[in-house]
Amino acid sequence: MQPREPRVDVVLVDDHRMFRSGVRAEIGDAVNIVGEAPTVDAAVEVIAETRPAVVLLDVHLPGGSGNGGVDVIHGCRGLETASGQPVRFLALSVSDAAEDVIAVIRAGARGYVTKTISANDLTSAIRRVADGDAVFSPRLAGFVLDAFGAAAGEIAEVDEELDRLSAREREVMRLIARGYQYKEVAKELFISVKTVETHVSSVLRKLQLSSRHELTAWAMGRRLL
Amino acid sequence: MSKDVGMPTPYERPDRATTAPAGDQRAARTLHRPVEGRIIGGVCAGLALHLGLNVRLVRLVFVLLALPGAGLVAYLFLWALTPQSVQGVIEGSSGRVPVDPARPEGPGRSVTDAAAAVGGASDDQQRSATRVLLLGGVLLLAGLVVVAQNAGLNLRLGFLIPLLVVAVGAVIAWSQLDDAQRGRWLGGSSGTGRFSAARLAFGSLLALTGLVILTTRGRSLAAIWDIGLASLAVLAGVVLIAAPWGLRLWSELRHEQAERARATERADIAAHLHDSVLQTLALIQRRADDPSAVAQLARAQERELRSWLYAGPAGSDATLAAAVAEVAHEVEDLHGIPIDLVVTGDQPLDSGGQALVRAVRESLLNAVRHGQPPVSVYLEIGPDGVEAFVRDHGPGFEVEEVPTDRLGVRQSILGRMERHGGAARVRRLEQVTEVSLSLPAPRAPSPTTEPQPPAEASHATP
């Protein structure tokens, strides 16, 4: 798709063989799939061996201590690629249950997309994650707005505040929730794509570090559509 | 243990006139003790039902046999070994015994009350008459015994009376067993638990007293004390040895119950999957040559399964988020074009909300008819109002270029929103058309009904 860039090494972790072969067929040309794994334990082994730039990670997996994708991320903590970058995770799921998504993001995944994503979008999401950016699907952006109370008008006074989104972050999240691509967001807000990525990464960091009780309580208690 | 939600077992009361034959049909093979029409434990009634004999005949035989003692023993054995049944349904034969909320009697009522509630009034009268007769017979027997004693016959009363006390106590305590069983089965309430416990305690005490009297006849107080101590020691030893077995049995019972609950749940899930997913899969196989139909089937099934798995609280249909979701699904089904829906927040559905829902629907229809997928909806419900964005990847349209018929459609969107104090606008970006709808919070009518440009930084000011 973007031949000028080197192909990203990817490991596919999903317990459905049909899904793995489907993804391989769809994006196998654009990225370099170096390994596959159907379970938590196999995934940790394969990832430690191949050290890919990005792991496409299913949220629900057999094995491990029963927490699926979260276990894989914990098991691979500290792993680095050959070029010294940390191994990054992109969660891929059919589950829209908020608690699953929030759990895997808080464990350290750099993004979350649904399995219905198109091949092109998936490829660019992988590339973005490989570059260290965050990838938010519209649905994840919706979760974030809800969980941080941003939809209800809570806005951080200073950007560094972990428990609330800043005004700009909220704007970015709202546009992503509306289905805007990063470059459309950038155009809309008259900022650069890089700045959009910075905002998204900062939201991701807040999502991972915040102790805001609603984050967990909300995700557990609320059953979304 | 959970009740059997979703797996109703038909449970019909047999006609009163045909109670006995109906019971026959269902449980003719196994001996059981019907609660209806019983006098003590229902053994005679059950036996009569089983053998096809007259109840009175069976009772007479038992009374006659009871005089030398054999009948009494037989009765007790049968009582202990045959299951109780209510209206032909045997307890314990299946894990799922239905609970009829219409049943009037509580679990702890006395036997007479329970029987009266189940049986008819005439039945009840007949039974109490029989009871009076029975009581009279016992009194008569007692009188005869006294007379015989006075006449010089040694009936060893010192032996007979304690035995009688033991028997009465045992019957009282054991009849509690039946009721406790039934109480559990009827999903018992705790209100009458104390009464049951008192009855059990009284029965046990009576039986124990009888036993003590029986074994300590004609001995001194010191000897009784020694015997009592020895019995206590033996009892303690027995309890000590039996306790682990009892505990083991208890835990096994609990385990089995849990297992059964799980099995029920599994059956529930299997039934649902069979009715939904398997049917859809069969449909998909049959229509494999029609990709759009297959996609639509799969999408609809996915949605159905998802809503089943992550079902919201019951009655959530009345909220704005649910209404918008429903509209989105409807349009999706109508046109077979997937619609991505993201919602934050929620609120009850009011008239303004209904207008918004209809406007969203109209916008979605526009998007799927004239636009290009992917179509997405973002609904933000906050304290300051509601905003909805419907977006598609079509070429878009300029308001000026829009033909009159489509203007009419848009007019219904715009006009509808404005009538409810909201606003609607159509934005055209390159390869994207976005309809944004906004509705201020109802209780505080905002001074500006003017729509805010949806993505301006002016949102930032709180």
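Going down the list, the sequences are from chains P and H. At position 93 of the first sequence (counting the first as 1) the number is 93 in the numbering used here, and the numbers step up by one without a gap. At position 14 of the second sequence (counting the first as 1) the number is 14 in the numbering used here, and the numbers step up by one without a gap. We put the CB at the ideal spot given by N, CA and C, even for glycine.
In whole angstroms, what is the alpha-carbon distance linking residue i and residue j?
{"i": "Arg361 (chain H)", "j": "Ala328 (chain H)", "result": "7 angstroms"}
{"i": "Val138 (chain H)", "j": "Leu144 (chain H)", "result": "10 angstroms"}
{"i": "Leu281 (chain H)", "j": "Leu76 (chain H)", "result": "58 angstroms"}
{"i": "Ala130 (chain P)", "j": "Gly422 (chain H)", "result": "43 angstroms"}
{"i": "Asp29 (chain P)", "j": "Thr123 (chain P)", "result": "10 angstroms"}
{"i": "Leu53 (chain H)", "j": "Ser231 (chain H)", "result": "45 angstroms"}
{"i": "Arg391 (chain H)", "j": "Ile337 (chain H)", "result": "13 angstroms"}
{"i": "Ile27 (chain P)", "j": "Asn120 (chain P)", "result": "8 angstroms"}
{"i": "Ala323 (chain H)", "j": "Glu99 (chain P)", "result": "23 angstroms"}
{"i": "Thr195 (chain P)", "j": "Gly132 (chain P)", "result": "14 angstroms"}
{"i": "Glu430 (chain H)", "j": "Gln372 (chain H)", "result": "13 angstroms"}
{"i": "Ala28 (chain H)", "j": "Arg286 (chain H)", "result": "Summary for Ala28 (chain H): the model assigns pLDDT 45, below 50, so the residue's position carries little reliability; its value from the coordinates is reported in the next sentence. Their Cα atoms are separated by approximately 48 angstroms."}
{"i": "Phe190 (chain P)", "j": "Ala295 (chain H)", "result": "38 angstroms"}
{"i": "Val34 (chain P)", "j": "Arg24 (chain P)", "result": "10 angstroms"}
{"i": "Phe389 (chain H)", "j": "Thr264 (chain H)", "result": "44 angstroms"}
{"i": "Ile176 (chain P)", "j": "Lys187 (chain P)", "result": "13 angstroms"}
{"i": "His393 (chain H)", "j": "Asp333 (chain H)", "result": "19 angstroms"}
{"i": "Ile126 (chain P)", "j": "Lys206 (chain P)", "result": "21 angstroms"}
{"i": "Gly203 (chain H)", "j": "Val73 (chain H)", "result": "19 angstroms"}
{"i": "Leu133 (chain H)", "j": "Phe62 (chain H)", "result": "15 angstroms"}
{"i": "Gly22 (chain P)", "j": "Asn32 (chain P)", "result": "15 angstroms"}
{"i": "Ala293 (chain H)", "j": "His274 (chain H)", "result": "21 angstroms"}
{"i": "Ser201 (chain P)", "j": "Arg20 (chain P)", "result": "28 angstroms"}
{"i": "Ala53 (chain P)", "j": "Arg7 (chain P)", "result": "10 angstroms"}
{"i": "Asp113 (chain H)", "j": "Pro244 (chain H)", "result": "Legend: pLDDT at Asp113 (chain H) = 43, less than 50; position of this residue unreliable, no value from coordinates given."}
{"i": "Ser85 (chain H)", "j": "Arg217 (chain H)", "result": "42 angstroms"}
For residue i and residue j, which I take to be in contact (beta-carbon distance under 8 angstroms), what is that distance rounded to the nearest angstrom?
{"i": "Leu78 (chain H)", "j": "Val55 (chain H)", "result": "Not a contact, Cβ separation roughly 14 angstroms."}
{"i": "Ala82 (chain P)", "j": "Arg51 (chain P)", "result": "6 angstroms"}
{"i": "Pro38 (chain P)", "j": "Asp15 (chain P)", "result": "5 angstroms"}
{"i": "Gly69 (chain P)", "j": "Leu79 (chain P)", "result": "So it is not a contact: roughly 15 angstroms between Cβ atoms."}
{"i": "Arg466 (chain H)", "j": "Ala45 (chain H)", "result": "With chain H running from 1 to 462 in the structure shown, residue 466 (chain H) is simply not present."}
{"i": "Ser376 (chain H)", "j": "Pro138 (chain P)", "result": "6 angstroms"}
{"i": "Ser93 (chain P)", "j": "Thr116 (chain P)", "result": "Not a contact, Cβ separation roughly 10 angstroms."}
{"i": "Ala355 (chain H)", "j": "Arg416 (chain H)", "result": "5 angstroms"}
{"i": "Pro162 (chain H)", "j": "Ile213 (chain H)", "result": "4 angstroms"}
Mark residue i as exposed unless 16 or more other C-beta atoms lie within 10 angstroms of its C-beta, in which case mark it buried.
{"i": "Leu247 (chain H)", "result": "exposed"}
{"i": "Gly41 (chain H)", "result": "buried"}
{"i": "Met173 (chain P)", "result": "buried"}
{"i": "Asp340 (chain H)", "result": "buried"}
{"i": "Asn150 (chain H)", "result": "exposed"}
{"i": "Ala236 (chain H)", "result": "exposed"}
{"i": "Thr215 (chain H)", "result": "exposed"}
{"i": "Ile269 (chain H)", "result": "exposed"}
{"i": "Ser210 (chain P)", "result": "buried"}
{"i": "Pro440 (chain H)", "result": "buried"}
{"i": "Ala167 (chain P)", "result": "buried"}
{"i": "Phe143 (chain P)", "result": "buried"}
{"i": "Gly149 (chain P)", "result": "buried"}
{"i": "Phe159 (chain H)", "result": "exposed"}
{"i": "Thr130 (chain H)", "result": "exposed"}
{"i": "Arg164 (chain P)", "result": "buried"}
{"i": "Ser436 (chain H)", "result": "buried"}
{"i": "Val11 (chain P)", "result": "buried"}
{"i": "Ile102 (chain P)", "result": "buried"}
Take residue i and list the residues in its own chain whose beta-carbon comes closer than 6 angstroms to its own, dropping the five residues that flank it on each side.
{"i": "Ala43 (chain P)", "result": "Val13, Ala37, Val72"}
{"i": "Glu387 (chain H)", "result": "Glu380, Ser438"}
{"i": "Val166 (chain H)", "result": "Ala207, Gly210, Leu211"}
{"i": "Arg128 (chain P)", "result": "Val135"}
{"i": "Gln208 (chain P)", "result": "Arg106"}
{"i": "Val58 (chain H)", "result": "Cys44, Leu47, Ala48"}
{"i": "Val343 (chain H)", "result": "Ala321, Leu379"}
{"i": "Val59 (chain P)", "result": "Gly68, Gly69, Ala91, Ser93, Ser95, Asp100, Val104"}
Spatial neighbours of residue i within its chain, please: CB distance less than 7 angstroms, with the 5 preceding and 5 following residues excluded, ordered by chain position.
{"i": "Arg303 (chain H)", "result": "His329"}
{"i": "Gln25 (chain H)", "result": "Low per-residue confidence applies at Gln25 (chain H): pLDDT is 43, beneath 50, and the placement is therefore not dependable, though the value from the model is reported in the following sentence. If we look at Gln25 (chain H) and ignore the five residues flanking it on each side, it has no Cβ neighbours."}
{"i": "His370 (chain H)", "result": "Gly394"}
{"i": "Tyr180 (chain P)", "result": "Glu188"}
Leaving out the 5 sequence neighbours to the left and right, which residues in its chain are closer than 8 angstroms to residue i when beta-carbon positions are compared?
{"i": "Arg17 (chain P)", "result": "Pro38"}
{"i": "Gly345 (chain H)", "result": "Ala321, Glu380, Ile381, Gly382"}
{"i": "Leu164 (chain H)", "result": "Gly210"}
{"i": "Leu534 (chain H)", "result": "The structure shown does not extend to residue 534 (chain H), since chain H is modelled only from 1 through 462, so no value can be given for it."}
Task: Continuous alpha helix (DSSP H) assignments of at least 4 residues falling wholly in the stretch 65-145 of chain P - done: 69-75, 98-107, 119-130
- [ ] Can you check the stretch 337-384 of chain H for any beta strand (DSSP E) of at least 3 residues that lies completely inside it and give the ranges in chain order?
- [x] 339-344, 375-382
Task: Uninterrupted alpha helix (DSSP H) stretches inside the stretch 215-278 of chain H (no shorter than 4 residues) - done: 221-273
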